[in-house]
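Each protein sequence line maps, in turn, to chains A and B. First residue of the first sequence? That's -1 in this note's numbering, and the numbers climb one at a time after it. First residue of the second sequence? That's -1 in this note's numbering, and the numbers climb one at a time after it. Heads up: the structure comes next, in structure tokens.
Number of protein chains: 2
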Amino acid sequence: MTTSLQNDSFLRALRREPTEYTPVWLMRQAGRYLPEYRATRARAGSFLDLCRNDELACEVTMQPLERFPLDAAILFSDILTIPDAMGLGLYFSEGEGPRFERPIVDEAGVAQLAVPDPEAELGYVMRAVRTIRQALGGRVPLIGFSGSPWTLACYMVEGGGSSDYRRIRTMLYRRPDLLARILEVNADAVAAYLAAQVAAGAQALMIFDTWGGLLADGHFQSWSLAPMRRVIERLRGGGSEAASVPVIVFTKGGGQWLDDLAGIGADALGLDWTTRLGAARARIGDRIAMQGNLDPMSLMADPEQVRGQVRRVLDSYGQPTAGHGHVFNLGHGISQFTAPEAVAALVDEVHAYSRAQRAAPGPVSDGGEGS
Amino acid sequence: MTTSLQNDSFLRALRREPTEYTPVWLMRQAGRYLPEYRATRARAGSFLDLCRNDELACEVTMQPLERFPLDAAILFSDILTIPDAMGLGLYFSEGEGPRFERPIVDEAGVAQLAVPDPEAELGYVMRAVRTIRQALGGRVPLIGFSGSPWTLACYMVEGGGSSDYRRIRTMLYRRPDLLARILEVNADAVAAYLAAQVAAGAQALMIFDTWGGLLADGHFQSWSLAPMRRVIERLRGGGSEAASVPVIVFTKGGGQWLDDLAGIGADALGLDWTTRLGAARARIGDRIAMQGNLDPMSLMADPEQVRGQVRRVLDSYGQPTAGHGHVFNLGHGISQFTAPEAVAALVDEVHAYSRAQRAAPGPVSDGGEGS
């Protein structure tokens, strides 16, 4: 499939193969900062209606690609589709984000959990993948994704977002047996879901570990990292196309655990903006590609200031060399308050400056003090 | 003053001198998890009324010491007293935390900022310090504190807490000149405020950098770390008692910047629960004492489970040796939902197990994998 791509720079960077410039895409690139997204969303009804309509999900997936020369598309969906398919009843309340009607509150709830069949119970996602893949026509690769087993568990036990995730952290200390069972089911569900996305046409996969950074050291390794490793092992061992698809893992707040994260079999590591990209590269860049890590809030500045911050990130990574790979991205999802002009400046500067880096010797990877 | 203390284990640990056991106190130890606190608070009126009444502030400061053999007391106050004294109008709205009536929204607001005179404009804090110090009667040392310059600026610009601190992060990228001026004033204000607390009787100081972890690498060093260094330099160079008082800095989410933090002249470094204590000690433990770092949510478990988690932290730090120091604490403030029995188990286990560690060779500092 890769050979039919008109632009495979993203996949090559993930495989740590040479690229002519640094490929770029943005987390939540199809989203509320775009007026055309808001228009489609208004036509669709709710956010979930939009996710469940493959034509409209495809429409919003394509919108940022029409505006900006991005190097990858990402499936428009939600990270919580799996627990919804498990029967927890996902809904979105105004201003409060995702909620579940039937969170897991006790041992009986845990005992009822089962791995959903992706084609049967998450068919709308697979239809969206197929529709988007066709619409892309080989222009850029399509990324499929899921929440990490731990991150799904956070929402499943809390019943939604939380300021302190007290319920699941209490479960971790009081009933680790229950948490272990949830994570076991989630890991198998995520693996099956991601494999199905690849079968439907996804050409790379990303695991969003949004809440791994909440965990104590030691517990992160046991409760977030190990289930992600299990997901990747299942994908690799499945004997299907998913066995060779590039996988990106992204633990927000995971900067202290880069060595651990580099060892779970993923191809690339997403970094948030608190981590020094050059230092991370010096440490693990010969083992795994890097994705990131511009502060999304830097896009609140003027386009010229945005370009300066983009160069700062590219300088931190340094001159690309054999066996290393970098995909430019934000360190977290783009803010709804971002001006599209700032995104245009970002994408243009990534491409222009990274081409210039390759053409002439520039600043090298800054393992040292940031500026 | 130290010589008149009945229990100076906390101060000795901060100075990396030998102690018979690991001293312990808890961030927010005077707080809502104690029924006697809730009773005093109800008598006082609002939270700010409680902070501003030195007799009642003293009463709640002493309450946890009556229940548990803690090794330090901490002034009962708020981290936002300084911007309130600057005229921003601090208030607390139900369920929303601290707010300012007059946040800093423009250049004119920045130009008006001035360093408050601590005795004249924050006299109620100094009265509370004197009253508490007298009530303590040398039982344990009294800790004074302030928010860090950056953390104060976050609330001053946002007008309260925020999910993304978009306003101040936008200022950072668009108008770094304004942010620099705010931080300059804040650093001088924090230094004057902390020096006044020492003059009034505080025997150690803590700087709470609650939001330093929001910053991009490089920006943390410029916008959070450098102003904290300025505070400490002012304290050290002031020629008063504050020149020699132990200072603890605590950047929540600062685990990636331990080397930077160890170099700003503080005596001890507070660590949140995501950092591996043994690894941090191996890296910087001969330069600076450590404070932390039990996950506050581990206190949601049964007392026996709490004891196990306490031992895990003490084992991670390992056997105390010459030139190293550890103060046991949580990695963040105690939750209002904590059972006092869990705190009793924590304090007892810290004292008992750390005495046993000193008496017999135990597990050594675990720079390696957590468990």
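The beta carbon of each residue, even a glycine, is placed where N, CA and C say it ideally should be. Here the structure is a predicted model, which means the values were calculated and not measured.
Run through chain A and tell me which residues come within less than 9 Å of residue i, C-beta to C-beta.
{"i": "A178 (chain B)", "result": "Neighbours of A178 (chain B) on chain A: none; closest Cβ ~15 Å, over 9 Å."}
{"i": "S333 (chain B)", "result": "D162, R164"}
Which residue comes first and which comes last in the alpha helix (DSSP H) that contains residue i?
{"i": "Q289 (chain A)", "result": "That residue, Q289 (chain A), is in no alpha helix (DSSP H); its beta strand (DSSP E) goes 287 to 292."}
{"i": "F8 (chain A)", "result": "7 to 12"}
{"i": "A126 (chain B)", "result": "121 to 134"}
{"i": "P225 (chain A)", "result": "224 to 235"}
{"i": "M154 (chain A)", "result": "147 to 156"}
{"i": "R274 (chain B)", "result": "Looking at the DSSP string, R274 (chain B) is not in any alpha helix (DSSP H), and its letter there is neither H nor E."}
{"i": "G107 (chain B)", "result": "105 to 109"}
Under the three-state reduction of DSSP, which class applies to residue i: helix, strand or coil?
{"i": "V245 (chain B)", "result": "strand"}
{"i": "V304 (chain B)", "result": "helix"}
{"i": "V22 (chain B)", "result": "strand"}
{"i": "G253 (chain A)", "result": "helix"}
{"i": "I141 (chain A)", "result": "strand"}
{"i": "I332 (chain A)", "result": "coil"}
{"i": "A342 (chain A)", "result": "helix"}
{"i": "L267 (chain A)", "result": "strand"}
{"i": "G321 (chain B)", "result": "coil"}
{"i": "P16 (chain A)", "result": "coil"}
{"i": "M(-1) (chain B)", "result": "Residue confidence is low: M(-1) (chain B) scores 45 on pLDDT, short of 50, so the model does not pin down where it sits. Its coordinate-derived value is still stated next. M(-1) (chain B): coil per DSSP, three-state reduction."}
{"i": "S75 (chain B)", "result": "coil"}
{"i": "P33 (chain A)", "result": "helix"}
{"i": "R97 (chain B)", "result": "strand"}
{"i": "L213 (chain A)", "result": "coil"}
{"i": "G114 (chain B)", "result": "Just to set this straight, residue 114 (chain B) is Pro in the shown sequence, not Gly. In this structure, P114 (chain B) counts as coil in the three-state DSSP scheme."}
{"i": "Q446 (chain B)", "result": "This structure gives no information on residue 446 (chain B), because the portion of chain B shown stretches from -1 to 369."}
{"i": "E367 (chain B)", "result": "With a pLDDT of only 40 at E367 (chain B), under 50, the local geometry of the prediction cannot be trusted, and the value read off the model is given with reservation. If DSSP states are grouped into helix, strand and coil, E367 (chain B) belongs with coil."}
{"i": "V362 (chain A)", "result": "Because V362 (chain A) carries a pLDDT of 49, less than 50, the predicted location of this residue cannot be relied on, and the following value inherits that uncertainty. It is coil, neither helix nor strand."}
{"i": "A190 (chain B)", "result": "helix"}
{"i": "G316 (chain A)", "result": "coil"}
{"i": "N51 (chain B)", "result": "coil"}
{"i": "A337 (chain A)", "result": "coil"}
{"i": "I102 (chain A)", "result": "coil"}
{"i": "G159 (chain A)", "result": "coil"}
{"i": "G43 (chain A)", "result": "coil"}
Which residues in chain A sit within 7 Å of residue i, going by Cβ to Cβ distance?
{"i": "M295 (chain B)", "result": "R164, R167, T168, Y171"}
{"i": "Q201 (chain B)", "result": "Simply none; closest approach about 30 Å."}
Counting along the chain, where does the beta strand (DSSP E) carrying residue i start and finish?
{"i": "V325 (chain A)", "result": "324 to 328"}
{"i": "A70 (chain B)", "result": "Neither: A70 (chain B) is in no beta strand (DSSP E) and is coded neither H nor E."}
{"i": "R165 (chain A)", "result": "Unbroken run through R165 (chain A) is the alpha helix (DSSP H), 164 to 172; no beta strand (DSSP E)."}
{"i": "I262 (chain A)", "result": "No beta strand (DSSP E) contains I262 (chain A), which DSSP labels as neither H nor E."}
{"i": "D207 (chain B)", "result": "202 to 207"}
{"i": "F90 (chain B)", "result": "88 to 91"}
Identify the contact partners of residue i in chain A, using a Cβ-Cβ distance below 8 Å as the criterion.
{"i": "L267 (chain B)", "result": "Within 8 Å Cβ-Cβ: nothing; L267 (chain B) doesn't reach chain A, min ~14 Å."}
{"i": "Q303 (chain B)", "result": "Y171, R172"}
{"i": "Q307 (chain B)", "result": "Y171"}
Report the residue from the options whose alpha carbon sits nearest the alpha carbon of residue i.
{"i": "I130 (chain B)", "options": "B:G329, B:G253, B:Q61", "result": "B:Q61"}
{"i": "E99 (chain B)", "options": "B:D270, B:R125, B:M84, B:I230", "result": "B:M84"}
{"i": "F248 (chain B)", "options": "B:I102, B:G211, B:G235", "result": "B:G211"}
{"i": "R305 (chain A)", "options": "A:R281, A:G331, A:G321, A:S352", "result": "A:S352"}
{"i": "V196 (chain B)", "options": "B:W209, B:G236, B:A55", "result": "B:G236"}
{"i": "S238 (chain B)", "options": "B:R309, B:A198, B:L32", "result": "B:A198"}
{"i": "R137 (chain A)", "options": "A:S7, A:R281, A:T208, A:A343", "result": "A:S7"}
{"i": "G375 (chain B)", "options": "B:A287, B:R279, B:R165", "result": "Nothing in the structure corresponds to residue 375 (chain B), since chain B is present only between -1 and 369."}
{"i": "V103 (chain B)", "options": "B:M169, B:S296, B:S2", "result": "B:M169"}
Quick one: list the residues of chain B neighbouring residue i, beta-carbon separation under 8 Å, in chain order.
{"i": "M298 (chain A)", "result": "R164, R167, T168, Y171, R172"}
{"i": "Q254 (chain A)", "result": "G253, Q254, T272, T273, R274"}
Anything in chain B within Cβ reach of residue i, meaning under 7 Å, just list it in chain order.
{"i": "D215 (chain A)", "result": "T272, T273, R274, G368"}
{"i": "G237 (chain A)", "result": "Result: empty, since nearest Cβ-Cβ is about 31 Å, beyond 7 Å."}
Closer than 9 Å by beta-carbon distance: list the chain B residues that pair up with residue i, in chain order.
{"i": "G211 (chain A)", "result": "G251, T272"}
Open item on the list: Count Cβ pairs between the segment 272 to 289 of chain B and the segment 211 to 222 of chain A that sit closer than 8 Å; are there 3 or more?
Closed with: yes
- [ ] Would you check if the segment 174 to 192 of chain B and the segment 97 to 110 of chain B touch, i.e. whether three or more CB-CB distances between them fall below 8 Å?
- [x] yes
Task: Inter-stretch contact at 8 Å, needing at least 3 Cβ pairs: the segment 190 to 205 of chain B / the segment 151 to 159 of chain B - done: no
Task: Inter-stretch contact at 8 Å, needing at least 3 Cβ pairs: the segment 298 to 308 of chain A / the segment 241 to 250 of chain A - done: no
- [ ] Decide yes or no for the touch test of the segment 75 to 91 of chain A against the segment 113 to 130 of chain A: beta carbon pairs closer than 8 Å, at least 3 of them.
- [x] yes
Open item on the list: Between the segment 13 to 23 of chain A and the segment 324 to 337 of chain A, can you find at least three pairs of beta-carbon atoms closer than 8 Å?
Closed with: yes
Open item on the list: So, does the segment 229 to 240 of chain B touch the segment 282 to 292 of chain B, judging by three or more C-beta pairs under 8 Å?
Closed with: no
Open item on the list: Under 8 Å: do the segment 23 to 31 of chain A and the segment 61 to 75 of chain A share three or more Cβ pairs, one atom per stretch?
Closed with: yes
Task: Inter-stretch contact at 8 Å, needing at least 3 Cβ pairs: the segment 25 to 42 of chain B / the segment 342 to 357 of chain A - done: no
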